[in-house]
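Novice: Residue numbers (the numbering used here): 1 to 97.
Idealized CB from N, CA, C, for every residue including glycine.
Predicted, not measured: the structure shown is a model, and the values here were computed from it.
The structure follows.
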Amino acid sequence: MKTTVTSRHFKASEKLKDYASGEVGNLGRYIDNIVDCDIVLSYDVRQNKTVEVSVHVKGDTLVASDTSDNFYKSVDKSVAKLQKQAQKLKEKQLVRH
């Protein structure tokens, strides 16, 4: 799976980029056919930290975002949302077959 990590309005540390990539990489346990993933880390004027994750799966796209005071919390919450979406997609695919 190809993962792209982009930071807006700040320079993200390698540790943060690796953490985000690793957490999103664990989604492979829940769903097959992941083509690529885009992670956008944003820092705004009010010191809110937002993480937007788009996972492109063969035939579909899963998107989740979260805003909090900590990037690591936002990554964890976004990945949890994606896990739920991935499980629903997997169930939907099983029903079709």
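Could you say which of Lys2, Ile39, Asp32 and Arg29 lies nearest to Phe71 if we only look at CA atoms?
Specialist: Here residue 71 is taken as the residue at index 71 of the sequence shown, counted from 1. Closest by alpha carbon: Ile39.
Novice: Whole-angstrom Cβ separation of Ile31 and Leu89, contact assumed at under 8 angstroms?
Specialist: Numbered from its first residue, the sequence shown carries residue 31 at position 31. Numbered from its first residue, the sequence shown carries residue 89 at position 89. The Cβ separation is near 6 angstroms, so the contact holds.
Novice: Can you check whether the C-beta of Thr4 is within less than 8 angstroms of a C-beta belonging to chain B?
Specialist: The chain labelled as chain B is not found in the depicted structure, where only one protein chain is given.
Novice: Please report the distance separating the alpha-carbon of Lys2 from that of Ser13.
Specialist: Here the question's residue 2 lines up with position 2 in the sequence shown. Here the question's residue 13 lines up with position 13 in the sequence shown. Their backbone Cα atoms lie some 19 angstroms apart in a straight line.
Novice: Taking C-alpha atoms, which residue in Thr4, Cys37, Ser78 and Ala20 lies nearest to Lys58?
Specialist: Here residue 58 is taken as the residue at index 58 of the sequence shown, counted from 1. Nearest of Thr4, Cys37, Ser78 and Ala20 to Lys58, Cα basis: Cys37.
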